[in-house]
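Quick note: the sequence shown, position 228, residue 228 per full-length UniProt numbering, numbers continuous. The beta carbon of each residue, even a glycine, is placed where N, CA and C say it ideally should be. In what follows, a single structure is set out as structure tokens and then discussed.
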Amino acid sequence: MSFLANSLSSSPTSLRSRKSSRKLRGKLPRDSLPRMLCFKEKCALVDRALAAKAAVPSIKDNEPVPEDERGRIRALRIQCRMAFTRTRPSRMLRKKRSPNPKHSALANSIAGCDAFLAHAALLALPNEILLEIFMFSRDAVDIDQQLKVVLSMRMVCRLWSDIVREYPHFWSTVTIALCSGRALRRFVSLSLERSRSLGLHVRLVRTSGHNNSMHVALGASTSRAVIRWLQDTQLPARISRLTIEAFTLDDFLAVYLLSHCGPELQTVEIRWWTPELRAAIMRLNNQLITMDVPSPLVHHHFQFGSVLRKLSVRMYTSAAVAFCARMEDASVLEELRITFVDKLNRAPN
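So this is what it looks like as structure tokens:
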């Protein structure tokens, strides 16, 4: 009787809903309920990731990012990545396939997290490593563009400007290009000032297109004026390493620097011999510790110095015996590197 009373007291609407639910349960497969739950969980995961994607900050002042902030962005990236793998790039809308905006939004969020973490990792590097990166970026361009690169680095942020301005090693290399152009004397003055007490590495190159450090563009018609200008600077006395890559008939600038250098000059690198260069090097035999030179000709008088410790020499195979005879005075030599050159194409072997 109680069952009959309860059934009579129930409304027709509830009876119809129970019948429809029973029919629906009969039509659904057995694994439909776990599948529906998985779909709801996937939708919830995607919605949470989309809600959290706005939390990716932007780095505007190039200040170091705290470790807890980087950890939060890493966790957010993992969350967005999991949601990204559970979405499809397109969806059916009104019987047409169209791009899925959630898929695109998650992809942009992952890219933003990657950019933030890469930028934060760069800012977390020590200043010494940042300095090496700056020097590599500066040396990778043509010498006519290196001044622009240096000025651009200083304009990025306060941290980069301090590194470029305050580290003397960044300013300790000066490249002089024997090409047409105006003399960048003010820039050389900055190098002399900001390198402080460090010895300078001066490179003489023929034209632009060579990499490595700062430059002064010189014209052949202004050669004597350049020497007069160098007499008013401390550049020759500050040279500790001289690299001569340019090959001219008189080598006026290289000979001038070798003749007026100070006791700090201990390393010389020469690509080609000339009579003037050979005579200038002979006068410095008692102070040069490291040399990278081609082998002197057999019929020319040349002897390596007694304080020479490291020597790299390029020679023909036929000049090996004569070269060994020139090494009698190099009693403290510690390292010797010989590169044999082919007479036809001068290719090192």
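Original post:
Which residues in the same chain as S331 place their Cβ atom closer than 7 Å to its Cβ, once the five residues preceding and following it in sequence are excluded?
Top reply: The residues S306, in chain order, have a CB closer than 7 Å to that of S331 in the same chain once the five nearest residues on each side in sequence are set aside.
**OP:** List the endpoints of the continuous alpha helix (DSSP H) containing M327.
**Re:** For M327, there is no enclosing alpha helix (DSSP H), as DSSP marks it with neither H nor E.
Subject >> Start-to-end residues for the alpha helix (DSSP H) that takes in residue 350 >> reply: With the chain covering 1 to 349 only, the question about residue 350 has no answer from this structure.
Original post:
At a cut of 8 Å, does the segment 258-267 reach the segment 275-283 through at least three beta carbon pairs?
Top reply: yes
Original post:
Straight-line CA distance for P263 to E193?
Top reply: 20 Å
Original post:
For P101, which of helix, strand or coil comes out of DSSP?
Top reply: DSSP, reduced to helix, strand and coil, places P101 within a helical segment of the structure shown.
**OP:** Just the C-alpha distance for A254 and L204, rounded to the nearest angstrom, thanks.
**Re:** Each residue's Cα considered, the two are about 8 Å apart.
Original post:
Using a threshold of 7 Å, is the CB atom of V164 nearer than that to any non-hydrogen atom of the ligand FAD?
Top reply: With respect to the ligand FAD, the structure shown offers nothing to examine, as it has no ligands at all.
Original post:
If you check the beta carbons only, do W160 and S191 fall under 8 Å apart?
Top reply: Between W160 and S191, the CB-CB gap reaches or exceeds 8 Å.
Original post:
What does a CB cutoff of less than 8 Å around R154 pick up in its chain, not counting 5 residues either side in sequence?
Top reply: Shown here for R154: same chain residues with a beta carbon closer than 8 Å to its own, the five before and five after excluded, namely W160, S161, V164 and R165 in chain order.
Subject >> Inter-residue spacing [alpha-carbon to alpha-carbon] between S109 and A121 >> reply: Straight-line Cα distance between these residues: approximately 18 Å.
**OP:** Tell me, please, which residues DSSP counts as bridged to I310.
**Re:** Strictly speaking, residue 310 in this sequence is Lys, with Ile absent from that position. Partner(s): T290 and E335.
Subject >> A49 burial status per 10 Å Cβ neighbour count (16 or more: buried) >> reply: buried
Subject >> Proximity winner among A124, F136 and I270, relative to E69 (alpha-carbon distances) >> reply: A124
Original post:
Does the distance from the C-beta atom of E335 to that of R309 stay below 8 Å?
Top reply: yes
**OP:** Determine the direct distance from the alpha carbon of I73 to that of R86, and round the result to whole angstroms.
**Re:** 20 Å
Original post:
Taking the alpha-carbon positions, what's the D47 to P126 distance?
Top reply: Each residue's Cα considered, the two are about 39 Å apart.
Subject >> DSSP three-state assignment for T317, whether helix, strand or coil >> reply: helix
Original post:
Quick one: what's L204 bridged to in DSSP?
Top reply: I176 and I244
**OP:** Name, in chain order, the residues that DSSP records as bridge partners for E269.
**Re:** T243 and D292
Original post:
Can the beta-carbon of I227 be found closer than 8 Å to that of G199?
Top reply: Taking 8 Å as the Cβ cut-off, I227 and G199 do not qualify as a contacting pair.
Original post:
Can you tell me the Cα-Cα spacing of S115 and R186, whole angstroms?
Top reply: Checking the sequence shown, residue 115 turns out to be Ala, not Ser. If I take the Cα positions, the gap works out to 38 Å.
Original post:
What is the residue span of the alpha helix (DSSP H) that D68 lies within?
Top reply: E67 to T85
Original post:
What residues in its chain sit with their C-beta under 6 Å from that of T317, if we drop five residues either side in the sequence?
Top reply: F340
Subject >> Sub-8 Å separation of residue 375 and R271 beta-carbons >> reply: In the structure displayed, the chain extends from 1 to 349; residue 375 sits before or after that span and is not available.
Original post:
Near V202, which residues of its chain fall below 6 Å by C-beta distance, leaving aside the five closest residues on each side in sequence?
Top reply: V174, I239 and L242
**OP:** Starting from V56, trace the alpha helix (DSSP H) both ways and give me its first and last residue.
**Re:** Here V56 belongs to no alpha helix (DSSP H), and DSSP marks it neither H nor E.
Subject >> Burial state of S295, where buried means 16 or more other Cβ atoms lie within 10 Å >> reply: buried
Original post:
How should I176 be labelled, buried or exposed, when 16 other C-beta atoms within 10 angstroms of its C-beta is the threshold for buried?
Top reply: I176 should be labelled buried.
Original post:
In the structure shown, what three-state DSSP assignment does V46 receive?
Top reply: helix
**OP:** Tell me S90's beta-bridge partners as DSSP assigns them.
**Re:** P99
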